[in-house]
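> Have a look at the structure that comes next, please.
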Amino acid sequence: MWSRTTRKRQFRWQRGMWPSTPMARATMPSGSSPARKPAQRTGLCRLRSARSPRREPPALALAAFVLLLGAALPAAAAEPRAVVAITGRAAAPVAPRLPEGAAPIEVRVALSRGASEEVSSVRVRRLLEIELPDGAALAAEPVGPLGDRVASVWVDRPTAARLEIQVRLDGRAVVRRQIAVSGLTSDVAARLVAIAASEMILAEMRRARAPRRPPSPRRPTQDEIELASRDLDTLSVSAGPYGAIVSGGPRVLGGAGLALGLRRLRLTESLFARLLAAPSGGEPLRWIEAGFSGDYRFWLAASWRLSIGANASVASIRLPAAASVDGIAGERDTWSARAGLGLGVETRLGGPVWLGLTLDPGIVLRPAPYEGARGKAGAVEGAWLGVGLSLSTERRSAPPR
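Throughout the sequence shown, residue numbering follows the UniProt record's numbering, covering 1 to 401 in sequence.
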């Protein structure tokens with residue numbers, strides 16, 4: 001058995017070292033002595049508790065996640081802008097792409113004797129081969145067979161201080177550019193020539209492949225307008241003096257006429273009216289007729305045309321000095337009719353105004369017998385030959401443009 005003093009010391013030691021462990025509240029068996037293992041185990045437990053991570057509240061973790069996400073989004077958005085900006089600064093003009101299956105343009109380079117003294121031909125060819133755009137290839141020789149996809153480059157030295165570059169592509173117009181080489185070394189001058197030639201070839205390639213503007217429509221000439229107007233619907237009005245010779249009765253008649261016509265497809269249908277009378281000194285006679293005519297026109301030139309057709313008319317005849325007409329005593333009025341052909345020639349005076357000369361051979365269809373005051377019998381009959389001079393104007397229904 002332990003003494004009372006020993007038991008008190010043991011109790012104090014348990015309260016001081018194991019205040020929070022179950023072993024501190026356990027009862028030591030009698031006859032046993034305290035060991036150090038419980039103390040070591042207690043120390044390890046405290047060390048493990050100290051090293052274990054401390055859990056943060058959920059609200060703080062969520063706030064930290066939101067802050068990290070907000071900082072990452074502007075950076076991610078700035079990266080494409082930076083890439084675009086870098087790409088935009090580094091972008092250079094490129095040659096237009098060739099269509100599928102199109103052969104590259106063959107570039108043939110030649111230098112004059114004066115230019116060869118300033119720059120090396122081999123150096124220029126090597127540098128130009130590097131500078132050539134896509135779709136163009138340097139030819140092995142400065143000359144070769146003719147072709148459609150050939151670019152010729154000629155380097156000349158017009159003056160001692162300048163070199164001239166001439167480029168011609170696919171038979172187009174020659175383009176020229178001069179560069180100053182005074183004070184430059186041969187290598188620098190060759191590099192400038194190669195760069196300038198490549199830029200000129202690239203510009204010509206773009207110009208050749210650019211869509212061409214459609215040409216403006218050509219305006220018709222006056223002859224073409226006149227030719228097209230011949231088949232248009234045209235309204236014409238003509239007037240002029242007219243005279244006729246009749247085989248029977250009063251031999252000569254004279255007067256004036258008026259005609260209104262419509263031409264369609266060069267065929268003119270006209271309505272006409274004439275007032276004719278016998279001249280003084282003979283037997284008085286008044287002839288008033290109205291008729292219809294049709295004629296077809298042939299153009300000899302833009303200002304000359306012929307017409308051929310037929311006509312027919314009905315006339316009112318008055319014989320004021322006759323004793324009888326148609327066997328009726330005291331009658332002075334009668335009627336008649338005639339038919340014939342129409343031949344004419346016209347010339348243009350200016351614009352729509354034409355001057356025409358017509359010839360009307362025909363026959364009087366209905367004779368008009370009469371008896372004069374002295375008892376002399378006569379008749380208006382027989383052949384008819386009329387001659388007319390007319391001034392006409394035309395108006396087209398839809399003038400060509």
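Just so it is clear, CB atoms sit at the ideal spot from N, CA and C, and this is done for glycine as well.
As the structure is a prediction and not an experimental result, all values here were calculated from the model.
What separation, rounded to the nearest whole angstrom, lies between the Cα atoms of residue 380 and residue 220?
For this step, residue 380 is matched to residue 380 along the sequence shown. For this step, residue 220 is matched to residue 220 along the sequence shown. Rounded to the nearest angstrom, the two C-alpha atoms are 54 Å apart.
> If you follow the alpha helix (DSSP H) that residue 129 is in, where does it begin and where does it stop?
Taking the sequence shown and counting its residues from 1, one reaches residue 129 at position 129. First-last of the alpha helix (DSSP H) with residue 129: 121-131.
> Return the residue from the list 182, 326, 363, 356 that minimises the CA-CA distance to residue 337.
Here the question's residue 337 lines up with position 337 in the sequence shown. Checked all of 182, 326, 363, 356; the closest Cα to residue 337 is 363.
> Kindly list the residues whose CB is nearer than 6 Å to the CB of residue 267, restricted to its own chain and excluding five residues on each side of it in sequence; keep chain order.
As a first step, residue 267 is located in the sequence shown; it is residue number 267 there, counting from the start. Cβ within range, chain order: 296.
> Answer yes or no: do residue 204 and residue 172 have a C-beta to C-beta separation smaller than 8 Å?
If you number the sequence shown from 1, residue 204 lands on position 204. If you number the sequence shown from 1, residue 172 lands on position 172. Yes; because the gap between Cβ atoms is below 8 Å, this pair is in contact.
> Find the nearest neighbour of residue 202 within the set 175, 214, 218, judged by alpha-carbon distance.
Looking up residue 202 in the sequence shown gives position 202. It is 175.
> Using the beta-carbon count (16 or more within 10 Å), is residue 329 buried or exposed?
Indexing the sequence shown from 1 puts residue 329 at position 329. It is exposed - the Cβ of residue 329 has fewer than 16 other Cβ atoms within 10 Å.
> Quick test of your reading: residue 291 and residue 312, contact by CB under 8 Å. State the CB separation rounded to the nearest angstrom.
Indexing the sequence shown from 1 puts residue 291 at position 291. Indexing the sequence shown from 1 puts residue 312 at position 312. Between residue 312 and residue 291 the Cβ distance is about 6 Å, and since that is below 8 Å, they are a contact.
> Taking 7 Å as the limit between beta carbons, can you name the residues of its chain near residue 382, skipping five residues before and five after?
For the purposes of this step, residue 382 is taken as residue 382 along the sequence shown, with counting starting at 1. Same-chain partners within the cutoff: 246, 247, 248, 364.
> Could you name each continuous alpha helix (DSSP H) segment of 4 residues or more that falls completely within the stretch 153-235, going from the start of the chain to the end?
Fully enclosed alpha helix (DSSP H) runs of 4 or longer: 186-209, 222-229.
> For the beta strand (DSSP E) that contains residue 149, what are its first and last residues?
For the purposes of this step, residue 149 is taken as the residue at position 149 of the sequence shown. It is not in any beta strand (DSSP E) - residue 149 carries neither H nor E in the DSSP assignment.
> Am I right that residue 390 and residue 240 are in contact with their C-beta atoms under 8 Å? What's the rounded C-beta distance?
Translated into positions along the sequence shown, residue 390 becomes position 390. Translated into positions along the sequence shown, residue 240 becomes position 240. The pair is a contact, with the Cβ atoms about 4 Å apart (cut-off 8 Å).
> Please state if the CB of residue 323 and the CB of residue 372 are separated by a distance shorter than 8 Å.
In the sequence shown, counting from the first residue as 1, residue 372 sits at position 372. In the sequence shown, counting from the first residue as 1, residue 323 sits at position 323. Result yes, Cβ atoms of residue 372 and residue 323 sit closer than 8 Å.
> Can you give me the Cβ contacts of residue 264 inside the same chain, cut-off strictly under 7 Å, excluding the 5 residues immediately before and after it?
The residue labelled residue 264 in the question sits at position 264 within the sequence shown. So the qualifying residues of the chain are 233.
> Would you identify the three-state DSSP class for residue 387, choosing helix, strand or coil?
Stepping through the sequence shown from its first residue, residue 387 is reached at position 387. In this structure, residue 387 counts as strand in the three-state DSSP scheme.
> Chain D beta carbons: is any one of them nearer than 8 Å to that of residue 296?
This model lacks chain D altogether, as it is built from one protein chain only.
> Would you list the one or two residues that DSSP bridges to residue 371?
As a position in the sequence shown, residue 371 is number 371, starting the count at 1. For residue 371, which the question treats as bridged, DSSP gives the partners 324, 377.
> Tell me, to the nearest whole angstrom, how far the beta carbon of residue 188 is from that of residue 118; I am working on the premise that it is less than 8 Å.
Taking the sequence shown and counting its residues from 1, one reaches residue 188 at position 188. Taking the sequence shown and counting its residues from 1, one reaches residue 118 at position 118. With 8 Å as the limit, residue 188 and residue 118 do not qualify as a contact, their Cβ atoms being about 11 Å apart.
> Excluding the 5 residues flanking residue 190 on each side, which residues of the same chain have their C-beta closer than 7 Å to its C-beta?
Here residue 190 corresponds to residue number 190 of the sequence shown, with the count starting at 1. Same-chain partners within the cutoff: 119, 120, 123, 124, 127.
> Give the single residue among 251, 259, 385 whose Cα lies nearest to the Cα of residue 286.
Looking up residue 286 in the sequence shown gives position 286. Of 251, 259, 385, the residue nearest in Cα terms is 251.
> Using C-beta distances below 6 Å, list every residue in its chain close to residue 349, excluding the 5 sequence neighbours before and after it, in chain order.
To locate residue 349, count along the sequence shown from 1; it is residue 349. Around residue 349: 355.
> Relative to the C-alpha of residue 108, which residue among 166, 115, 114 is closest?
For the purposes of this step, residue 108 is taken as the residue at position 108 of the sequence shown. For residue 108, the nearest C-alpha among the options comes from 166.
> Do you know offhand how far residue 377's Cα is from residue 335's?
As a position in the sequence shown, residue 377 is number 377, starting the count at 1. As a position in the sequence shown, residue 335 is number 335, starting the count at 1. Taking the straight line joining both Cα atoms gives about 17 Å.
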